[in-house]
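J.: Below you'll find the structure I mean.
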Amino acid sequence: MENGKGKRVEAIDDQLQLPESIIQHIQCFLTGKEAASTAVLSKSWYNSWLTRPALDFDERNFQNQNSDPQNDDKFFNFVKRSMERYHGLNLTIESFKLWMNVRDVDSSSLATELIVKAVKMGANGVNLEFSPPISEYILPKELFEAESLVGLSLAGCKIFSGEVMCLRLKSLHLSKVCVEDDMIRDIMLGCPMIENFVLSDCEGFVKVNVSKMAKLKRLSVIRHVTNPVVFRSPLIEFEEHSVGTIMMVEPICLNFVN
1 MENGKGKRVE AIDDQLQLPE SIIQHIQCFL TGKEAASTAV LSKSWYNSWL
51 TRPALDFDER NFQNQNSDPQ NDDKFFNFVK RSMERYHGLN LTIESFKLWM
101 NVRDVDSSSL ATELIVKAVK MGANGVNLEF SPPISEYILP KELFEAESLV
151 GLSLAGCKIF SGEVMCLRLK SLHLSKVCVE DDMIRDIMLG CPMIENFVLS
201 DCEGFVKVNV SKMAKLKRLS VIRHVTNPVV FRSPLIEFEE HSVGTIMMVE
251 PICLNFVN
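Following this line, the structure appears as structure tokens:
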């Protein structure tokens, strides 16, 4: 902090003495960049930031208009050091958020490494967004075997068929994701607790059958379609933002005809 004369005013620990749990709770409401900025307030805020239970890595915070390759190295090194610190201290986390530009083998490998480690550290909320949208990056199977997951948001990636065992998952948001019918079916069967399901501009599937999702309360479909979307269920709140017409025909089933 600085006073009116431009002199740096050092924060004193005694003046900002809060329990670590309170400090970390505050930091959890901030973006990764904002949370990092609190580390300069005092030693206690710095130490709390080092072990915060909400990890938020955003590659855009390390980029500039010059697209300097060294910025990529800075981001890679930062996230690797952070994850190594958590692993070394045997820490658990509550949430994990990642924005990455997956452009080559190295960045793809790093993304997979981070996701797998986050799952192993017990993250119950995971938010992943990759650039470019609908990228070729394929999510690791470990993500869909994470029994700790309660909320999952995915954007700009591919999901292939495989075992799904997220027994506690309640909220699933897929945006600009390439996912086939078989994987949609596996999600329905392997995530029996889902209450909120969002499909936004996704590709690769034709039909969504939610008849096996006994806990589902809300289904949102945000997609451009040229032919009618078919849906009916008196038990589920349905929200539709599509270019097309909604016709009530088959029970608890969505058919997409492009």
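First residue of the sequence shown? That's 1 in full-length UniProt numbering, and the numbers climb one at a time after it.
Every residue, glycine too, gets a C-beta built ideally from N, C-alpha and C.
This one's a predicted model, so the numbers in the text were calculated from it and none came from an experiment.
Could you tell me the alpha carbon to alpha carbon distance between W45 and P53, rounded to whole angstroms?
T.: The residue labelled residue 45 in the question sits at position 45 within the sequence shown. The residue labelled residue 53 in the question sits at position 53 within the sequence shown. Those two C-alpha atoms are separated by around 14 Å.
J.: Taking 8 Å as the threshold (C-beta atoms), are C178 and E142 in contact?
T.: In the sequence shown, the residue the question calls residue 142 occupies position 142. In the sequence shown, the residue the question calls residue 178 occupies position 178. No, these two residues do not count as a Cβ contact at 8 Å.
J.: F75 to E59, Cα distance in whole Å?
T.: Taking the first residue of the sequence shown as 1, we reach residue 75 at position 75. Taking the first residue of the sequence shown as 1, we reach residue 59 at position 59. Between F75 and E59, the C-alpha separation is close to 6 Å.
J.: Would you kindly work out how many angstroms separate the C-alpha atoms of Q27 and L98, rounded to a whole number?
T.: Along the sequence shown, read from residue 1 onward, the residue named residue 27 stands at position 27. Along the sequence shown, read from residue 1 onward, the residue named residue 98 stands at position 98. Going from the Cα of Q27 to the Cα of L98 covers about 16 Å.
J.: Less than 8 Å separating the beta-carbons of C166 and Y137?
T.: As a first step, residue 166 is located in the sequence shown; it is residue number 166 there, counting from the start. As a first step, residue 137 is located in the sequence shown; it is residue number 137 there, counting from the start. Against a cut-off of 8 Å, the Cβ pair of Y137 and C166 comes out as no contact.
J.: Can you list, in chain order, the residues of its chain whose CB lies under 6 Å from that of K33, leaving out five sequence neighbours each side?
T.: For the purposes of this step, residue 33 is taken as residue 33 along the sequence shown, with counting starting at 1. Answer for K33: N61, listed in chain order.
J.: Give a yes or no on whether the C-beta atoms belonging to R218 and N196 are separated by under 8 Å.
T.: Here residue 218 refers to the residue found at position 218 of the sequence shown. Here residue 196 refers to the residue found at position 196 of the sequence shown. For R218 and N196, yes; Cβs fall inside 8 Å.
J.: For the beta strand (DSSP E) holding R185, just list the boundary residues, first then last.
T.: The sequence position of residue 185 within the sequence shown is 185, counting from 1. Counting along the chain, R185 falls outside any beta strand (DSSP E), though it belongs to the alpha helix (DSSP H) covering D181 to G190.
J.: With DSSP as the reference, label A123 as helix, strand or coil.
T.: Translated into positions along the sequence shown, residue 123 becomes position 123. Correct three-state label for A123: coil.
J.: Do A111 and M100 have their CB atoms nearer than 8 Å?
T.: On the sequence shown, position 111 is the one that residue 111 refers to. On the sequence shown, position 100 is the one that residue 100 refers to. In contact: A111 and M100 (Cβ atoms closer than 8 Å).
J.: For Q17, which option in T31, L41 and L30 has the closest C-alpha, if you only look at C-alpha atoms?
T.: Mapped onto the sequence shown, residue 17 falls at position 17. The residue with the shortest Cα to Cα distance from Q17 is L41.
J.: Is the shortest distance between the beta-carbon of R103 and the beta-carbons of chain C less than 8 Å?
T.: Considering every chain present, this structure includes no chain C. It has just one protein chain.
J.: Kindly provide the ranges of any beta strand (DSSP E) runs that are 3 or more residues long and lie completely inside the stretch 41-79, ordered along the chain.
T.: Fully enclosed beta strand (DSSP E) runs of 3 or longer: 54-58.
J.: Expressed to the nearest angstrom, what Euclidean distance is found between the alpha-carbon atoms of K43 and S148?
T.: Within the sequence shown, residue 43 is the residue found at index 43, counting from 1. Within the sequence shown, residue 148 is the residue found at index 148, counting from 1. Cα to Cα, the separation comes out at about 32 Å.
J.: Tell me the residue span of the alpha helix (DSSP H) that contains S21.
T.: Here residue 21 refers to the residue found at position 21 of the sequence shown. Unbroken alpha helix (DSSP H) run through S21: E20 to C28.
J.: Going along the chain, which residues of its own chain have a beta-carbon closer than 6 Å to the beta-carbon of L199, five neighbours each way excluded?
T.: Translated into positions along the sequence shown, residue 199 becomes position 199. Excluding sequence neighbours, L199 sits near L174 and V221.
J.: Just to check my reading of the structure: A146 and E129 have Cβ atoms closer than 8 Å, yes? What is that Cβ distance to the nearest angstrom?
T.: Sequence index remark: in the sequence shown, residue 146 carries index 146 (1-based). Sequence index remark: in the sequence shown, residue 129 carries index 129 (1-based). So it is not a contact: roughly 18 Å between Cβ atoms.
J.: Compare the beta carbon distance of D56 and A35 with 8 Å and say whether it is the shorter of the two.
T.: Position 56 of the sequence shown, counted from the start, is the residue given in the question as residue 56. Position 35 of the sequence shown, counted from the start, is the residue given in the question as residue 35. Contact flag set, yes.
J.: In its own chain, which residues sit with a C-beta less than 7 Å from the C-beta of D181, not counting the 5 before and 5 after it?
T.: Here residue 181 refers to the residue found at position 181 of the sequence shown. If we look at D181 and ignore the five residues flanking it on each side, its Cβ neighbours are F205, V206 and K207.
J.: For N127 versus E94, is the C-beta distance shorter than 8 Å?
T.: Working through the sequence shown from its first residue, we reach residue 127 at position 127. Working through the sequence shown from its first residue, we reach residue 94 at position 94. Cβ atoms of N127 and E94: not closer than 8 Å.
J.: Figure out for me which residue from N47, P19, E84 and S107 has the closest Cα to the Cα of D73.
T.: Along the sequence shown, one-based indexing puts residue 73 at 73. Nearest option by C-alpha distance: S107.
J.: Taking the CB atoms as reference points, tell me whether S171 and G151 lie closer together than 8 Å.
T.: Reading the sequence shown from its first residue, position 171 is the one you call residue 171. Reading the sequence shown from its first residue, position 151 is the one you call residue 151. Their beta carbons are under 8 Å apart, which means S171 touches G151 by this criterion.
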